[in-house]
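If you read the sequence shown in the working numbering, its first letter stands for residue -6, the second for the next number, and so on. Glycine included, C-beta positions come from ideal geometry on N, C-alpha and C. All of these numbers come straight from a predicted model, not from anything done at the bench.
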Amino acid sequence: MKPEKRLYWNQDWEFTKRWNQGTEKLELAGEEGCLVEFPHSNAELPYHYFDESEYSFISGYRKKFTADLAWEGKEVLMTIEAAAHVIEVFLNGEKLGRHEGGYTAYTLSLTEGLRLGQENELILQVDSREELNIPPFGNVIDYMTYGGVYRNVYLEIKEKIWIADVYARATPMEQETEGLYRGRVESTITLGNGEIGDIPEGYTIRQKLTDGLNGETTQKVAARENELELMASGIRLWAVETPCLYRLRTTLYCSDILMDERETVIGFRTAEFKADGFYLNGIKIKIRGLNRHQSYPYVGYAMPEGMQAEDVLILKRELKVNAVRTSHYPQSHAFLDACDRLGLLVFTEIPGWQHIGDEAWKEVALRQTEEMVLQYRNHPSIILWGVRINESQDDDEFYGRTNAIAHRLDPTRPTGGVRFIKKSNLLEDVYTYNDFVHTGKNQGADPKKEVTSDVSKAYLISEYNGHMFPTKPFDDEAHRTEHALRHARVMDAYYGEEDIAGGFGWCMFDYNTHKDFGSGDAICYHGVMDMFRNPKQAAFIYASQAEEEPILEISSAMNIGEYPGGAIGAVYAYTNADAVRVYKNDKFVKEFYPDRKEFPHLPHPPIRMDDFVGELMEKEEGYSKKNAEAIKEVLFAVAKYGQNSLPLSYKLKMLKLMIFQGMTFEDGMRLFYQYIGNWGDTVTTYRFEAVKDGQTVKSMIKEPVTKKVLQAIPGSRYLHNGNTYEAVSVRLRMTDQNGNLLPYYQEPLKLSVQGPVRLIGPDIISLKGGMGGTYLRTTGESGEAVLFIEGNDIESIKIPFTVE
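Have a look at this one:
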């Protein structure tokens, strides 16, 4: 016989926002026949300006189904991957179970209450109220917690003895040849009948290890014990650059009859936090990461697996970081699976934010710690367990227990716990600390010795920036530039400290928040991207630290109205090139180099460009180099201080030029307006060329806007109706004719669709900071679909999609 695969139960659930408290029945209240599909948000929300009470209520889901007669004698298991935040399950009027916690999966048996061959009624009561006495609740929280059954639901039909869990530890041994190792996999098998000891008489466990390239790597291994060891040759290591994965197939036989099977994806690697930093496979690397919430506009947590994986693509391929912290709770296996595939290191942690509750609350937190480790410990991307409530006070008794749970269930990984206080009691293996010392003018980060209570253990910065300098996409240019530079300064600081393992910036993107936080519109503008994952300036600080492809972003639009007095001051290039050459109206100005004075430790410092006159005055006006430099010095001072407030030293230099070079006041004013203020009839065009190894690898042009162009970037053009609906993002950016963002374009756009898709969110939106987005989801049918986008002052566009 062949064991059955998962039977996904995401479709055809009746939903009500009105749970009739005190009974196990749903009061549909006119919503009869309104079917929903998981992942599901209990309330669709506006982009901003809404109240958290809109999702904080008890809702209900009902599914009527006929139990297959073939299920007789089998164990019928249902798994709810996540429901926010307490779920109770009723089958045919009888309560089967309750799960507290909105971020880990809940599996329970339906077997005893099923009516085989008859109609059954399954009801899920989901309590999304924030008054619950479980983590992360109990005090204020700076992120929305949303509601609903927001991940998959599925059935598994098992024999009476089945494989409940395979805990696999894949360890590389000695190197055999270049890039190939001998490897060992140690597995602990747990059976679904509750037996932890040896496999029952007549049963055997067999395992096989395969990879995607070479097929079968090992032969079968048979044993009756639940602790197995498997050796393999020719193993490639899992690493950030080369995330090689293997599939461990575990099968349960009774005699020669296959009773159950389970496939576990594993990676061979070592990950160690030492006193002097982090080592992956024995090689020291600096962790350069960002924090990530799992939320989206309109639907909160409720996005299907493809959208979860897309965030990993953005982190890895656009932001080019090597790590992510899943703040402040475990996140979707689809997200972690993508981290495994793409080589993104993960720091994951138990739910919570600052508050520690009473004993009942703590008991739930302990169960959540156990669930997190048991459910996620096979992911090779996870390098650290967070076993403290984020930014909470010391509680040695409580955190001694969470730390012990993690070490008992997974002795292969270190533990940490995110603190906001220095010299805290360190029960874990890594001191993880939110360093918000940087205010713009001071040091980027504190040295390790000033923070940790035990310098013999590892130290990692778990957050920086964020609330210290919130930045909206539509803030003025100087603010957006300072936001980017603050990220660069902190990164430079931890790159410069050999005993800091690295850091996680706060955070990947803006997110909705409670009324106690944010800008009053229910948004925390802390991200290096907006909520639709469009990059702000700061995003390019991260992207430019990588080597894979040329990066070039210029901090300024080169418009004089953005600058006091109309004088363009310092402008920054975020690039991984060797230098940037600047041309003004196609005439060479100057070549600029990375600013290693301010950023001595970054792999690729920003390039500071503060002279947009360069050689032009010599070539155009005929001045000697010495006189040209003197004139520029005076003109730059006029721009900085103003003509009437010019320091005496500059007035004397101006007088000297007038006496010895015959310059007049009118000459000086003409030169100022032409070269500094850029006022006059001539249209000023700047060209920036990134130079690598003497060759131009990327360029940008900044000139007055002559055309508005809407860029619409779909995450994919192909959607697939699989275990549930599929969704796709469409990121929107209004640009000029050269592809430069127009940050003050805020006009409305009209969205409409044709074919087997529908919009998630409103059909009329406005761009914010020149950026925005929308989402489409499938309807269960296949065919061709189109998204139409219209605006009053732009060319309408249409984006085709194929739905399979």
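Residue i in three-state terms, based on DSSP
i: Y634; result: helix
i: N207; result: Caution applies to N207, whose pLDDT of 49 falls short of 50 and renders its modelled position unreliable; the value that the coordinates give is listed next. Of the three classes helix, strand and coil, the one that applies to N207 here is coil, per DSSP.
i: R(-1); result: coil
i: T362; result: helix
i: F592; result: coil
i: K791; result: strand
i: C237; result: coil
i: M137; result: coil
i: C332; result: helix
i: V314; result: coil
i: L780; result: strand
i: W6; result: strand
i: S753; result: According to the sequence as given, residue 753 is Ile; it is not Ser. Strand.
i: N785; result: coil
i: W64; result: helix
i: A161; result: strand
i: V796; result: strand
i: P669; result: Contrary to the premise, residue 669 reads as Ile rather than Pro in this sequence. Three-state DSSP puts I669 in a helix.
i: D485; result: helix
i: K577; result: strand
i: R663; result: helix
i: E352; result: helix
i: I276; result: strand
i: Y535; result: helix
i: A705; result: strand
i: A76; result: strand
i: R108; result: coil
i: Y369; result: helix
i: D686; result: coil
i: D120; result: strand
Sheet register partners of residue i (DSSP bridge)
i: M602; result: V564
i: C517; result: Y504
i: G270; result: K267
i: I250; result: C247
i: G90; result: V82
i: M610; result: BP columns for M610 are empty, so no partner.
i: G496; result: R281, I454
i: V69; result: I150
i: Y711; result: T795
Residue closest to residue i, alpha-carbon to alpha-carbon, out of the options
i: A630; options: G558, R589, D588, K583; result: G558
i: E194; options: Q118, C247, T689; result: C247
i: R262; options: I454, P236, W231; result: W231
i: V573; options: G554, K590, R601, F8; result: R601
i: T181; options: E123, D588, I156, E171; result: I156
i: C500; options: F340, P599, H286; result: H286
i: N315; options: Y289, L283, P323; result: L283
i: F665; options: I624, Y174, T425; result: I624
i: S789; options: E45, S745, G106, D61; result: S745
i: F58; options: G708, Q111, L28, G90; result: Q111
i: L238; options: V582, L335, V292; result: L335
i: L419; options: R406, D388, Q436; result: D388
i: M71; options: L84, A63, E65; result: L84
i: T138; options: V292, Y272, V339; result: V292
i: V69; options: M656, L251, F266, S102; result: S102
i: A225; options: E105, P165, G270; result: P165
i: D403; options: K415, N371, G410, V411; result: N371
i: S46; options: K10, I706, E74; result: K10
i: N458; options: F467, R482, T445, V444; result: R482
CB contact check: residue i to chain D, cutoff 7 Å
i: V258; result: Note that chain D does not occur in the displayed structure, where there is just one protein chain.
Item to complete: Check whether the stretch 718 to 730 touches the stretch 756 to 771, taking contact to mean three or more Cβ pairs, one atom from each stretch, closer than 8 Å.
Response: Three or more beta-carbon pairs separated by less than 8 Å link the stretch 718 to 730 to the stretch 756 to 771, which places the two stretches in contact.
Item to complete: Could you say if the stretch 136 to 149 and the stretch 34 to 52 meet the contact criterion of at least three C-beta pairs nearer than 8 Å?
Response: Segments in contact, yes.
Discussion item. Does the structure place the stretch 75 to 86 close enough to the stretch 120 to 135 that three or more beta carbon pairs sit under 8 Å?
Written reply: Contact between the stretch 120 to 135 and the stretch 75 to 86 is present, because at least three Cβ pairs lie under 8 Å.
Item to complete: Check whether the stretch 325 to 332 touches the stretch 290 to 302, counting contact only when three or more Cβ pairs, one atom from each stretch, lie closer than 8 Å.
Response: Contact between the stretch 325 to 332 and the stretch 290 to 302 is present, with at least three C-beta pairs closer than 8 Å.
Fill in: Whole runs of the beta strand (DSSP E) within the stretch 371 to 453, excluding any shorter than 3 residues
Runs of the beta strand (DSSP E) lying entirely within the stretch 371 to 453 and spanning at least 3 residues, in chain order: 375 to 379, 408 to 412, 423 to 427.
Discussion item. Taking contact to mean 3 or more Cβ pairs, one atom from each stretch, closer than 8 Å, check whether the stretch 105 to 121 and the stretch 338 to 352 are in contact.
Written reply: Result no; under three Cβ-Cβ pairs closer than 8 Å.
Worksheet entry | Contact the stretch 161 to 174 vs the stretch 253 to 267: 3+ CB pairs below 8 Å | At 8 Å Cβ cutoff, the stretches touch.
Worksheet item: At a cut of 8 Å, does the stretch 516 to 533 reach the stretch 483 to 490 through at least three beta carbon pairs?
Response: By the Cβ criterion, the stretch 516 to 533 is not in contact with the stretch 483 to 490, since fewer than three pairs of Cβ atoms, one from each stretch, lie closer than 8 Å.
Practice prompt. Count the CB pairs spanning the stretch 502 to 514 and the stretch 539 to 557 that are closer than 8 Å, and state whether there are at least three.
Written response: They do not touch, by the three-pair rule.
Discussion item. Between the stretch 679 to 686 and the stretch 469 to 488, can you find at least three pairs of beta-carbon atoms closer than 8 Å?
Written reply: The stretch 679 to 686 and the stretch 469 to 488 do not touch, with fewer than three beta-carbon pairs separated by less than 8 Å.
Item to complete: Taking 8 Å as the threshold, find out whether the stretch 582 to 598 comes into contact with the stretch 468 to 477 through three or more Cβ pairs.
Response: In short, these stretches do not touch, since the Cβ pair count stays below three.
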